[in-house]
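Student:
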Amino acid sequence: MARLAKDAHRGWLTSAAGAISSLLSLSGCVSGCVAQSSADHGEIADPRPADRAAAAEPRCTSPGAQTLAFASVAAPEPAPCPMAVVLDAPTPDTDADAGTADEADRGAGLSVVQHRPIPDAEATTEPEPELLGRGQAPSACGVDVQRCELELHATSLGPLVRAALRGHESEVPEQVFWGWLIDAQLVFAPSWHSPSAVADHTRIGPAFALAPFDCAGALTLLPTPRLPAAEAETLPDALTERAGEWTLDELGQVRPPSEPAALSEGCTPLFEGLP
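In terms of the working numbering, the sequence shown has 137 at position 137, counting the first letter as 1, and numbering is strictly consecutive.
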């Protein structure tokens with residue numbers, strides 16, 4: 001009897017472990033995923049778990065070698081196809097302009113795409129992903145976005161890109177940029193605008209930063225505490241001056257609002273846990 005009980009207990013543990021493993025595999029990448037940027041970037045795997053990718057119908061187009069980050073959108077089954085941030089191939093115009101004085105002011109070309117379903121399971125060719133928007137990465141990220149770590153998040157207002165400029169002293173970034181779409185143009189805005197705090201002889205970034213919020217259906221950047229030290233500090237003017245809904249000027253450059261927005265309690269944060 002003792003042996004039978006032990007075998008039964010062992011069988012229950014095996015079944016429980018299998019159930020937990022299945023639940024973990026289904027969790028997937030709900031909000032945002034990141035692929036480490038490198039010179040060759042490598043091949044990005046299908047963001048869906050293997051069991052879901054095999055069972056889901058229809059199939060989705062595959063991420064290409066130039067994919068820098070992707071995001072799965074939470075929705076009822078079957079799982080929707082993911083969005084992705086893709087490094088654009090250089091064009092003849094950019095090749096011709098290489099080495100000019102304003103090269104440092106230009107960032108790498110990026111596209112935000114929505115992968116499409118493939119209705120025919122036997123199809124040997126895939127349709128092109130849907131282009132959601134295109135723009136330039138922050139120039140500080142480098143020509144191949146090597147100096148930045150990119151994340152893509154699906155929000156109530158569309159795709160949101162977080163580009164963290166890698167630091168030299170520690171894992172703390174030197175700057176964090178937010179990217180979003182304005183009229184199908186991908187734009188980026190820096191979020192750190194005050195001196196960095198120091199802990200253990202290491203710069204850890206400012207106490208406050210701009211963060212994206214959903215304010216009545218408009219993406220708005222608002223000052224937000226980032227470190228515990230913010231409780232004892234005054235909100236920097238550099239942040240309040242840039243608070244509000246950023247827009248495009250006549251040259252297609254993103255600009256802060258001409259009049260700072262009042263801090264609203266009715267806004268919903270689009271990103272939890274500032275880096």
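Where a beta carbon is used, it is the ideal one built from N, C-alpha and C, also for glycine.
#1: Could you tell me how far apart the beta carbons of residue 113 and residue 84 are, in whole angstroms, since I believe they sit closer than 8 Å?
#2: In whole angstroms, what separates the C-alpha of residue 183 from that of residue 115?
#3: Quick check on the DSSP output: the alpha helix (DSSP H) that includes residue 239 runs from which residue to which?
#4: Contact check, residue 313 vs residue 228 under 8 Å by CB: the rounded distance?
#5: Beta strand (DSSP E) containing residue 111: first to last residue?
#6: Please confirm whether residue 69 and residue 151 have their CB atoms less than 8 Å apart.
#7: Quick one: complete alpha helix (DSSP H) runs, 4+ long, within the stretch 181-246?
#8: For residue 231, does the count of other Cβ atoms within 10 angstroms reach 16, so buried, or fall short, so exposed?
#9: Just verifying my parser: in three-state terms, what is the DSSP assignment at residue 69?
#10: Along the beta strand (DSSP E) that carries residue 150, what are the first and last residues, could you check?
#11: Check whether the Cβ atoms of residue 208 and residue 194 lie closer than 8 Å to each other.
#12: Taking the alpha-carbon positions, what's the residue 110 to residue 128 distance?
Tutor: Looking at the coordinates:
#1: The residue you call residue 113 lines up with position 113 of the sequence shown. The residue you call residue 84 lines up with position 84 of the sequence shown. Their Cβ separation, rounded to whole angstroms, is 5 Å, which keeps residue 113 and residue 84 in contact under 8 Å.
#2: Reading the sequence shown from its first residue, position 183 is the one you call residue 183. Reading the sequence shown from its first residue, position 115 is the one you call residue 115. Residue 183 and residue 115: Cα-Cα distance of roughly 20 Å.
#3: Walking along the sequence shown from the start, residue 239 turns up at place 239. Looking at the DSSP string, the run of the alpha helix (DSSP H) that includes residue 239 is 237-240.
#4: A query on residue 313 cannot be resolved here, the shown segment of the chain reaching from 1 to 275 and no further.
#5: By 1-based counting over the sequence shown, the position of residue 111 is 111. 109-114 is the span of the beta strand (DSSP E), which, as asked, contains residue 111.
#6: The residue given as residue 69 occupies position 69 in the sequence shown. The residue given as residue 151 occupies position 151 in the sequence shown. Yes, these two residues count as a Cβ contact at 8 Å.
#7: 237-240
#8: For the purposes of this step, residue 231 is identified with residue 231 of the sequence shown, where counting begins at 1. Burial is judged here by how many other beta carbons sit within 10 angstroms of a residue's own beta carbon; residue 231 has fewer than 16 and is exposed.
#9: On the sequence shown, residue 69 is found 69 positions in, with the first residue counted as 1. Strand.
#10: Here the question's residue 150 lines up with position 150 in the sequence shown. First-last of the beta strand (DSSP E) with residue 150: 148-155.
#11: As a working note, residue 208 is residue 208 in the sequence shown. As a working note, residue 194 is residue 194 in the sequence shown. Contact flag set, yes.
#12: For the purposes of this step, residue 110 is taken as the residue at position 110 of the sequence shown. For the purposes of this step, residue 128 is taken as the residue at position 128 of the sequence shown. Residue 110 and residue 128 have their C-alpha atoms spaced approximately 16 Å apart.
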